[in-house]
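Numbering (the numbering used here), first residue to last: 45 to 280.
And the structure:
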């Protein structure tokens, strides 16, 4: 046993009840607040990255006097594209498409507002990896096929993007051969690489009857077939 305490030596006062626990709680709360702030910052950065994607706005042709011709625009962000389409009827007067992650092919609409928010939060919490940095291919093909018995979907798979003119030409020819007279139109536009222009330059407009717009550069199926084959081989 230890030495007895002198009556004149008071025992050390015990810490006030809950003082140690309160300090730990304060430290934990501060750390938790820092983590939440970091997650909010990560989610905010992820949301900004999801918005800063090159985005297409395709304006469908409108019949009648004063109707708009088919036009494709490219904007540096999803929000800018939505601003351009404000006031128009989606899937009737316009559609919006974001870059494909898997290379050339059909391009899809952007995620809905709720899905974008949840995706940004998941990326901010590191539950998902950041979205890859993808670009919009320069060649855009859009089409309309008369298919009254087709199943109605929230959006139509009628816009595709391609990295080369050969692939875009092959898609035009594929639409012509498979849809035949039911093809109302297939339209091909091109964005000049490195150009600040936001409007696609029309390359070809084709109907199911094999008719071309005479003012467009491509004026015959033979040209499309030549493009599909690629550039001629170099002479030996």
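Even glycine gets a Cβ: it sits at the ideal position worked out from N, Cα and C.
Owing to the predicted nature of the structure, the values given are computational and were not obtained by experimental measurement.
If you compare alpha carbons, which of the options is closest to residue i?
i           : options            : result
residue 204 : 186, 197, 216      : 186
residue 180 : 147, 154, 210      : 147
residue 130 : 152, 101, 92, 220  : 101
residue 183 : 198, 149, 154      : 149
residue 152 : 197, 237, 257, 166 : 197
residue 216 : 135, 145, 268      : 268
residue 126 : 192, 218, 103, 264 : 103
residue 139 : 120, 257, 105      : 105
residue 188 : 219, 133, 195      : 219
residue 120 : 252, 242, 229, 255 : 242
residue 178 : 264, 145, 166      : 145
residue 166 : 89, 262, 201, 264  : 89
residue 133 : 199, 264, 255      : 199
residue 229 : 194, 190, 201, 265 : 190
With a threshold of 6 Å on Cβ separation, who are the neighbours of residue i within its own chain once the five nearest residues in sequence on each side are excluded?
i           : result
residue 231 : 114, 186, 249
residue 142 : 97, 99, 154
residue 31  : Outside the displayed span of the chain (45 to 280) sits residue 31, for which this structure offers no information.
residue 214 : 272
residue 246 : 233, 260
residue 136 : none
residue 263 : 256
residue 195 : none
Ordered along the chain, which non-local residues of its own chain (more than five positions away) have a Cβ less than 8 Å from that of residue i?
i           : result
residue 123 : 95
residue 161 : 91
Strictly by DSSP, which residues pair up with residue i?
i           : result
residue 138 : 103, 134
residue 118 : 100
residue 260 : According to DSSP, residue 260 bridges with nothing at all.
Using a Cβ-Cβ cut-off of 7 Å (strictly less than) and excluding sequence neighbours within five positions of residue i, which residues of its own chain qualify?
i           : result
residue 253 : 225
residue 237 : 182
residue 201 : 150
residue 78  : The pLDDT assigned to residue 78 is 45, lower than 50, so where the model puts this residue is not dependable; a value taken from the coordinates is nonetheless given after this. Contacts found: none.
residue 270 : none
residue 258 : none
So, does the CB of residue i fall closer than 8 Å to a CB anywhere in chain C?
i           : result
residue 186 : Looking for chain C here will not work: only one protein chain is present.
Just checking, does the region 196-214 make contact with the region 222-229 on the three C-beta pairs under 8 Å criterion? The region 196-214 is not in contact with the region 222-229.
Counting only runs that start and end within the region 141-222, where is the alpha helix (DSSP H) found for 4 or more residues in a row? Scanning the region 141-222 from its first residue to its last, the whole alpha helix (DSSP H) runs of 4-plus residues come out as 157-168.
Unbroken stretches of the beta strand (DSSP E), 3 residues or longer, contained in the region 225-252: If we require 3 residues or more, the beta strand (DSSP E) runs fully inside the region 225-252 come out as 227-234, 245-250.
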